[in-house]
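**Q** Provided herewith is a single structure, encoded as structure tokens, for subsequent inquiry.
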Amino acid sequence: MNDHEHLRRAVALAGRCPPSSTFRVGAVVVDAAGTTLALGWSGRRDPADHAEESALAELDGVDLTGATIYSSLEPCSRRASRPESCTGLILATGIARVVYAWREPTLFVDCEGDELLRAAGREVHELAELAHLVRAANTHLPGVDT
Ligand SMILES: [Zn+2]
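Heads up, the sequence shown stops at 154 in my numbering, and the numbers go up one at a time, no gaps.
Pasting the structure below:
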């Protein structure tokens with residue numbers, strides 16, 4: 009599978025999110041050989057769970073050197089609910105590549121995940137052509153339409 013196909017899987021996982029007043033996001037972690045290591049989605053174990061966080065929680069102790077994380081939304085860089093952002097969680101691993109579809113709009117906090125990941129030397133790809141699918145999963149948020 010290529011980046012588009014993996015990212016589409018991440019986008020589709022947002023369909024598993026319980027009803028929420030925040031972003032509905034999906035995430036997939038894939039190793040360097042293309043094997044899926046973990047799936048995640050917002051609110052998976054706890055209402056405050058972010059998608060990337062819930063996928064990475066499955067991989068505690070796993071060497072993620074060279075892995076890619078696909079997230080329907082740009083990884084957060086600051087959050088109200090928990091001390092560690094998804095960007096911080098990603099940077100604590102050996103994940104080499106981050107691929108996302110929708111750059112986080114400024115609804116809650118000003119997100120700098122893309123910039124911080126790049127500054128730390130991670131490869132970041134924004135596949136904006138899939139962003140409309142992510143917006144469609146988030147029309148419950150103010151100001152979001154397809
Ligand atoms: Zn997050």
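Glycine is no exception: its CB is placed at the ideal position from the N, C-alpha and C atoms.
For A63 versus G42, is the C-beta spacing smaller than 7 Å?
**A** no
**Q** With DSSP as the reference, please indicate the residues paired to H133 in a beta bridge.
**A** V107
**Q** What does a CB cutoff of less than 8 Å around H133 pick up in its chain, not counting 5 residues either side in sequence?
**A** D11, R105, V106, V107 and Y108
**Q** Can you pull the DSSP bridge partners for T76?
**A** V38 and R105
**Q** Taking Cβ to Cβ, would you say S85 is nearer than 7 Å to T95?
**A** Yes, the Cβ-Cβ distance between S85 and T95 is below 7 Å.
**Q** How would you write the range of the alpha helix (DSSP H) that A18 sits in, first residue to last?
**A** D11 to L21
**Q** Should V38 and H14 be called a contact, given that it needs their Cβ atoms to be closer than 7 Å?
**A** Yes. Within cutoff.
**Q** On the CB-based measure, 16 or more other CB atoms within 10 Å of its CB, does T30 come out buried or exposed?
**A** Classification for T30: buried.
**Q** C25: beta carbon under 6 Å from a heavy atom of ligand 1?
**A** Not one heavy atom of ligand 1 sits closer than 6 Å to the Cβ of C25.
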